[in-house]
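In terms of my numbering, the sequence shown opens at residue 1 and continues consecutively. For each residue, glycine too, the CB sits at the ideal point set by N, CA and C. Being a predicted model, the structure only gives us computed values, none of them experimental. Encoded as C-alpha cells, the structure appears first; notes follow it.
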Amino acid sequence: MENNNFIHDFINEEIESGKYRADEIHTRFPPEPNGYLHIGHCKALIIDFGTAKKYCGRCNLRMDDTNPAKEDTEFVDAIQEDIHWLGFDWGDRFFYGSDYFEKTYEIAEKLILSGDAYVCELTPDQFREYRGDLTNPAKSPFRDRPVEESLDLFRRMRAGEFPEGKYTLRAKIDLASGNFNMRDPVLYRIRYIDHHRQGKKWCIFPMYDFAHPIQDAIEGITHSLCSLEYEDHRPLYNWVIEHCDVPSTPRQIEFARLNITNTVLSKRYLRQLVETGLVDGWDDPRMPTLCGLRRRGYTPEAIFDFVDRAGVAKAYSVVDIELLEHCIREELNTTAPRRIAVMNPVKLVVDNYPEDKVEYFEVSNNPQNPEAGTRKIPFTKNIVIDADDFAAVPPPKFFRLKPEGEVRLMGAYIVKCGEIEYNADGSVNTIHVTADLESGNGNPVDGRKIKGTIHWLSADYAQKADIMLYDHLFTLENVDDMPEGKTYNDYLNPESAIKLEGCMIEPALADAEPGDRFQFVRNGYYVKDTKNANTFNRIVGLKDSFPKK
Ligand code: ATP
Ligand code: MG
1 MENNNFIHDF
11 INEEIESGKY
21 RADEIHTRFP
31 PEPNGYLHIG
41 HCKALIIDFG
51 TAKKYCGRCN
61 LRMDDTNPAK
71 EDTEFVDAIQ
81 EDIHWLGFDW
91 GDRFFYGSDY
101 FEKTYEIAEK
111 LILSGDAYVC
121 ELTPDQFREY
131 RGDLTNPAKS
141 PFRDRPVEES
151 LDLFRRMRAG
161 EFPEGKYTLR
171 AKIDLASGNF
181 NMRDPVLYRI
191 RYIDHHRQGK
201 KWCIFPMYDF
211 AHPIQDAIEG
221 ITHSLCSLEY
231 EDHRPLYNWV
241 IEHCDVPSTP
251 RQIEFARLNI
261 TNTVLSKRYL
271 RQLVETGLVD
281 GWDDPRMPTL
291 CGLRRRGYTP
301 EAIFDFVDRA
311 GVAKAYSVVD
321 IELLEHCIRE
331 ELNTTAPRRI
341 AVMNPVKLVV
351 DNYPEDKVEY
361 FEVSNNPQNP
371 EAGTRKIPFT
381 KNIVIDADDF
391 AAVPPPKFFR
401 LKPEGEVRLM
411 GAYIVKCGEI
421 EYNADGSVNT
431 IHVTADLESG
441 NGNPVDGRKI
451 KGTIHWLSAD
461 YAQKADIMLY
471 DHLFTLENVD
481 DMPEGKTYND
491 YLNPESAIKL
501 EGCMIEPALA
511 DAEPGDRFQF
521 VRNGYYVKDT
531 KNANTFNRIV
541 GLKDSFPKK
C-alpha cells in the first residue's frame with residue numbers, strides 16, 4: 001500500500017506540524033483470539049503494518065483477549081501463522097491485552113478516587129430500563145455513591161465476594177449525551193470464567209472500550225487504526241485517554257470495513273458455520289478466512305492486489321467477489337503451468353491408430369510465458385475426452401465433436417467422428433473416430449478449416465484424481481441486505497462444493513505437490529489440496545466460464 005490514503009494524510013499533517021517524527025509512528029493490530037482471521041482482517045493488517053512500514057515506524061501484534069469467553073490458544077497460534085503467511089512480521093512486538101489486567105485495574109481504582117467512576121448495582125433489566133432515549137437522559141441512582149464506598153465495593157468485586165451481575169464499575173461521564181456510549185458506560189463487570197492465560201486469577205474483566213485505549217497508551221501507540229463501527233466509541237476512547245493515568249495519547253482513526261459480495265466477513269458467523277458443520281472447518285476452501293483462501297489456492301499477492309484495488313476509504317461499500325477472482329486469475333494466467341484434466345471422461349477410440357503405438361506430442365506449459373517451456377504428452381489409440389465436448393444432437397454453433405464432424409485434438413491429430421456406442425441408459429459409452437494421420441500438431445495439410453479444438457488424454461497413461469468444484473458460499477449477493485425473517489443459512493449455496501470423482505489428469509500431474517497451482521486447460525485454475533490426497537481444488541474458473549449474471 002504505497003499510495004497515500006486519508007489515514008496517511010492525517011499522519012502527514014501531524015508529522016509536518018512536528019507532533020511526531022516519522023519513525024515514531026506506531027500502530028497495532030489487535031485481533032480478538034476467538035476465531036481465525038478473514039480477508040477483512042487482511043485489510044486491517046495492510047493498514048496497520050503498511051502504515052508502520054511506510055513511515056519506518058513500528059506495529060505491535062496484540063491479542064485482544066480481554067473478554068474471557070470463547071478465547072483459545074488454537075486461535076492465537078492460527079492468527080500468527082496467517083499473518084506470517086501474508087508476509088507481515090511483528091518481530092518482538094507481540095503482546096496480550098490480558099497482560100495489562102493489573103495495570104488496568106490500578107487505573108480503574110484511580111478513576112474511582114478522582115470521582116470519575118463509581119460502582120453501580122442496577123440489574124441488567126434495570127440498566128436497560130434506565131437507559132433513557134434521545135429526548136430523555138439515562139438514570140443512574142448509584143452515581144453519587146461516595147468514593148470510599150465505591151472503592152471498597154470494587155476491591156471486593158475483585159476479591160470474588162459477589163455473584164456475576166451484582167455490581168459493575170461505571171464511568172461518570174454524561175447521562176444526557178446524545179451518544180449512548182457516553183451515558184456512564186460500564187468499565188468492569190464480574191465474570192466467573194477461566195481466562196485462557198490468566199486462569200482463575202480474575203473474576204472482574206474490563207470492557208473493550210476501557211481496556212483498549214489503555215492498552216494502546218501503555219504500548220505507546222500513536223495511531224489506533226480501526227474499522228468504522230468504532231467511530232461512535234471514539235469520544236469514549238478519548239475520554240479514557242484524558243481521564244486515566246496513562247503514559248501517552250494515541251489517536252483513533254477509523255476506516256471502512258472490507259465487505260465482499262456472496263460471503264460473510266464476521267468471525268462470529270464464520271465460527272457458527274464451523275461449529276454447526278455447515279462447512280468443513282475454518283480452512284474449508286469456500287471460507288473467506290485466510291487459511292480457507294490459502295487452501296483454495298489464493299496467494300498473498302493476489303489478496304493484496306485485491307485489497308489495494310478495493311481501496312482504503314471511510315465510506316461503507318461492498319466489493320464484488322469477482323474482483324477477488326479476477327486478481328487471482330490474472331496472477332495465475334502468467335504463473336500457472338498449463339495441464340490437462342478431463343473432468344467427466346468419455347472413451348474415444350482412434351480406429352485407424354495402431355494398438356501398441358505411443359507417440360509424444362509437445363505442448364506448451366504456458367502460451368503466455370514462453371520461458372515456461374513445453375512438455376510431451378503421450379498419444380495412444382485409446383483416448384478420453386470430456387463428455388461435454390461431444391454432442392450427439394448438437395445445438396447450433398457447436399464446434400466440438402459431433403456425428404460426422406471433425407475436431408482438433410489439442411496439439412495432436414484431427415479426428416473425424418464415426419460410430420457411437422451407447423450404454424443401455426442412453427449415455428455415450430465409446431466414440432469411434434478416424435484420425436487424419438497427416439495432420440500432426442493439429443494442422444491439416446490441405447489447409448481445410450477446423451473450428452473446434454478439444455483437450456484429451458491417453459486412457460492408458462492418464463491418472464485418476466478427485467476434483468472439487470468450489471463456488472460462492474452464499475447465493476445472496478449482499479448479505480447486509482438480508483430480507484426480513486431470513487438468516488445467512490437460508491442463502492448458503494447448495495452447489496458451493498461439488499465433488500467430481502474419477503476425473504483423469506495427465507501423467508505429469510502425478511508429481512504435483514500439495515499447494516501447487518495449475519491451469520487445467522479450457523477449464524480453470526486448480527490447486528492440489530493440502531488435506532485430501534489426490535484431490536485438486538478449483539480456485540477459479542477461466543473468465544469465460546463465469547459470465548457475469
Ligand atoms: P468480526 O466481526 O469478524 O469478529 P472483529 O472486528 O470483531 O471482526 P477483531 O479480531 O476484533 O475482529 O478485529 C481485529 C481488527 O481487524 C480490528 O481492528 C477490526 O477493526 C479489523 N477488522 C475486522 N473485520 C474487518 C473488515 N471486514 N475489514 C477491515 N478491518 C476489519
Ligand atoms: Mg472485535
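Item: Selection from Arg170, Val119, Lys103, Asp184 that minimises the alpha carbon distance to Glu149; Value: Val119
Item: Endpoints, the beta strand (DSSP E) within which Gln252 is located; Value: 251-255
Item: According to DSSP, residues forming a beta bridge with Arg286; Value: Beta-bridge pairing links Arg286 to no other residue.
Item: Ser150 CB to nearest heavy atom of the ligand ATP below 7 angstroms; Value: no
Item: Best match in Val521, Gly132, Tyr188, Thr289 for proximity to Phe180 [C-alpha to C-alpha]; Value: Gly132
Item: Where Met343 sits in the DSSP three-state scheme; Value: coil
Item: Nearest-angstrom Cα separation, counted from Glu229 out to Asp552; Value: Residue 552 is absent from the model: the chain starts at 1 and stops at 549.
Item: Expected contact under 8 angstroms - CB spacing of Phe520 and Ala465 to nearest Å; Value: Between Ala465 and Phe520 the Cβ distance is about 10 angstroms, and since that is not below 8 angstroms, they are no contact.
Item: Same chain only: Cβ atoms within 7 angstroms of Asp544, ignoring 5 sequence neighbours per side; Value: Here the model assigns Asp544 a pLDDT of 49, short of 50, so the residue's position is not dependable, and the following value carries that caveat. Counting only Cβ-Cβ distances below 7 angstroms, and skipping sequence neighbours, we find nothing.
Item: Nonlocal neighbours in the same chain, by C-beta distance under 7 angstroms from Glu419, ignoring five residues either side; Value: His432
Item: Cβ shell of Glu565 (< 8 angstroms), same chain only, five flanking positions each side left out; Value: Summary: the structure shown does not reach residue 565, with the chain confined to residues 1 through 549, and so no result is reported for it.
Item: Chain-ordered list of residues that sit, by beta carbon, closer than 5 angstroms to a heavy atom of the ligand ATP; Value: Pro31, Glu32, Gly40, His41, Lys43, Ala44, Cys226, Ser227, Arg257, Leu258, Leu265, Ser266, Lys267
Item: Buried versus exposed call for Glu561 [16 or more other C-beta atoms within 10 Å across all chains shown]; Value: No statement about residue 561 is possible, as the shown extent of the chain runs from 1 to 549 and does not include it.
Item: Same chain only: Cβ atoms within 7 angstroms of Glu362, ignoring 5 sequence neighbours per side; Value: Thr374, Lys376
Item: 6 angstroms CB neighbourhood of Tyr55 in its chain, flanking five on each side removed; Value: Ala22, Ile25
Item: Rounded separation between Lys19 and Gly97 - CA only; Value: 27 angstroms
Item: Of the listed residues Gly405, Phe154, Ala391, nearest to Tyr167 (C-alpha basis); Value: Phe154
Item: Member of Leu469, Tyr360, Pro124, Lys416 whose CA lies at the smallest distance from the CA of Ala435; Value: Lys416
Item: Three-state secondary structure assigned by DSSP to Leu258; Value: coil
Item: Same chain, Cβ closer than 8 angstroms to Arg296, neighbours up to 5 away in sequence not counted; Value: Pro285, Arg286, Tyr470, Val527, Asn537, Ile539
Item: Burial state of Asn136 (16 or more Cβ within 10 Å); Value: exposed
Item: Contiguous beta strand (DSSP E) assignments of at least 3 residues, all confined to the region 405-486; Value: 406-409, 414-422, 428-436, 456-458, 463-470
Item: Residue(s) in a DSSP beta bridge with Leu225; Value: Ile253
Item: First and last residue of the uninterrupted beta strand (DSSP E) at Phe536; Value: 535-541
Item: Bridge partners - Gly199, DSSP secondary structure assignment; Value: His195
Item: Status (buried if at least 16 other CB within 10 Å, exposed otherwise) for Phe10; Value: exposed
Item: Which listed residue (Gly485, Leu492, Cys244) has its alpha carbon closest to that of Thr475; Value: Leu492
Item: Neighbourhood of Arg156 by C-beta distance below 8 angstroms, restricted to the same chain and skipping five residues each side; Value: Phe162
Item: Beta-carbon proximity check, Val384 vs Trp456, cutoff 8 angstroms; Value: yes
Item: Proximity of Leu290 and Ile39 at Cβ, strictly below 8 angstroms; Value: yes
Item: Contacts around Tyr619, its chain only, beta-carbon distance under 7 angstroms, and the 5 residues preceding and following it disregarded; Value: Residue 619 falls outside the range modelled here, since the chain spans only 1 to 549, and no answer is possible.
Item: Backbone CA spacing between Leu37 and Asp305 [nearest angstrom]; Value: 18 angstroms
Item: Endpoints, beta strand (DSSP E) assigned at Phe26; Value: Strictly speaking, residue 26 in this sequence is His, with Phe absent from that position. Unbroken beta strand (DSSP E) run through His26: 26-29.
Item: Outcome for Gln126 when other beta-carbon atoms lying within 10 angstroms are tallied against a minimum of 16; Value: exposed
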